[in-house]
Amino acid sequence: MPQEVQGVVARAKGEPVSLETVVVPDPGPGEAVVSIKACGVCHTDLHYREGGIEDKFPFLLGHEAAGYVEQVGAGVTDIAPGDYVILNWRAVCGVCRACKRGKPWYCFDTHNAAQPMTLADGTPLNPALGIGAFIEKTLVHSGQCTKVDPAAEPAVAGLLGCGVMAGIGASINTGAVSRGDSVAVIGCGGVGDAAIAGARLAGAGTIIAVDMDDRKLAWAKDFGATHTLNTKGKSQDEVVEAIQELTNSFGADVVIDAVGRPETWKQAFYSRDLAGTVVLVGVPTPDMTLDGMPLIDFFGRGGSLKSSWYGDCLPERDFPMLVDLYLQGRLPLEKFVTERIQLSGVEQAFERMHTGDVLRSVVVFD
């Protein structure tokens, strides 16, 4: 029968979130109820609260989560009650044109639960990224559950569900960083540091962390940056010249923009080597435009300009692999966890995002 649990809800644009009673229905065909053990506080959740994603309030926030399958609906065979899972927002359909072309990481028709979770008065909730995991238990499509080794602590493993996967995948999957490559990462928050960790995993020789905050640059070194560059007060030309100086005057083989602003994208474009790769993984706002770029520069420099969606990941392939690397001591996922908080502390975690004091606050359930 339906369960009543506590969850974090954004009722209106820009208003503080509230802890509400949420009704979670029994799983229908293809669905699962997951008992959440930990969920990271991601900037995307803040964007939902601010109306920056869509305006379909109220939202049930949270999506970077790990927990245990509690119930499954009819027809579910790939997971079972008791399985330890990371939730993902790319449950591939297997039949769209991207899936049929053998590129399921671009799936254009990903699955979500068909039934809504609701407030106690019956108001349907819109779960963030089709998940909604700032809650004791959530309802998702079974394909959103990826089984991983339960030896990985939920507070750590859950971060692969969004930001950390986006950054690591930007390096390994989208940027195709390989041994000996030079890499520059612009923006050293959670996603940028994950891109640095991914570049290190891939064997990059030179990894340049680029940011305006010395504290973030120090964090970046913990994830594998070999050089740091503080751009505060520097012009675009000065930033480009500094990166070139660190890469034998050529520019980096791969430059990852983890900020997503026109000025940082231009820095990335001109900081790469000829025929190098630019990866945009920072998310721009709809009003941003790219002005003043001569078309001849696009032609004359060659190479690749790519956008990275969710790190171009395939959860069933990438999550277990990255958890294994973490358990082997080769991927320092634990360093992303700045603090562990209770469900009631999400609003305060949003405030700390603005000051840059945290890489990730993580809600931990008993």
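So the sequence shown is residues 1 to 366, counted in full-length UniProt numbering.
By construction, the Cβ of each residue, glycine as well, lies at the ideal position given by its N, Cα and C atoms.
These numbers were taken from a predicted model, which means no experiment stands behind them.
How big is the Cα-Cα spacing for residue i and residue j?
i	j	result
N112	D297	42 Å
E334	A349	18 Å
C96	Y48	27 Å
P127	L19	15 Å
G192	G163	9 Å
M321	G143	18 Å
T289	P81	47 Å
C70	L229	The amino acid at residue 70 is misidentified as Cys; the sequence shows Glu. Between E70 and L229, the C-alpha separation is close to 47 Å.
S307	M165	14 Å
Q115	C313	26 Å
V254	A204	10 Å
C42	A199	22 Å
G302	T247	18 Å
G7	T277	41 Å
G292	E263	11 Å
G282	R261	8 Å
A225	F336	15 Å
T174	V72	34 Å
L305	S249	21 Å
V240	A258	16 Å
A65	I135	10 Å
A220	S344	30 Å
A22	M117	With the sequence shown as reference, residue 22 is identified as Val, and Ala is not the correct amino acid for it. Taking the straight line joining both Cα atoms gives about 7 Å.
S271	E153	38 Å
T146	G300	43 Å
D222	D26	44 Å
G40	D273	36 Å
Got a sec, what are the start and stop residues for the beta strand (DSSP E) residue i sits in?
i	result
D211	T206 to D211
K306	S304 to S307
R90	Segment: none, R90 is in no beta strand (DSSP E) and carries neither H nor E.
V9	Q3 to A10
D253	A252 to D257
I36	E31 to G40
V17	No beta strand (DSSP E) holds V17; DSSP gives it neither H nor E.
G67	E64 to V72
V363	S361 to V364
I53	No beta strand (DSSP E) holds I53; DSSP gives it neither H nor E.
V183	S182 to I186
Residue j and residue i - do their beta-carbons sit closer together than 8 Å?
i	j	result
V156	I186	no
Q244	K266	no
residue 380	A184	Since the first residue of the chain shown is 1 and the last is 366, residue 380 is not available in this structure.
G132	L46	no
V323	A38	no
I86	G161	yes
T110	C93	yes
T123	P58	yes
A195	S171	yes
I36	G67	yes
V24	Q3	yes
residue 394	R330	The structure shown has nothing for residue 394, since the chain only spans 1 to 366.
W89	L125	no
F319	V140	no
G356	K234	no
V9	V17	yes
L159	R360	yes
Which residue comes first and which comes last in the alpha helix (DSSP H) that contains residue i?
i	result
I168	G163 to G169
R49	H43 to R49
G244	One detail in the question is off: residue 244 reads as Gln in this sequence, not Gly. It spans Q236 to E245 - the alpha helix (DSSP H) in which Q244 sits, taken as one unbroken run.
L201	G190 to L201
Let me know the secondary structure DSSP gives residue i once reduced to three states.
i	result
R97	helix
L125	coil
K221	helix
K216	helix
N173	helix
L322	helix
H227	strand
T355	helix
So is residue i in contact with chain D if we call contact Cβ pairs under 8 Å?
i	result
H111	Going by chain labels, chain D is absent from the structure shown, which holds only one protein chain.
>> Ignoring anything shorter than 4 residues, give me the alpha helix (DSSP H) runs that lie fully in the segment 263-311, in order along the chain.
In response: 295-301
> Which runs of the beta strand (DSSP E), 3 residues or longer, sit entirely within the segment 325-349?
Replying inline: 339-341
>> In chain order, what are the residue ranges of uninterrupted beta strand (DSSP E) at least 3 long that sit wholly in the segment 134-163?
In response: 137-141 and 145-147
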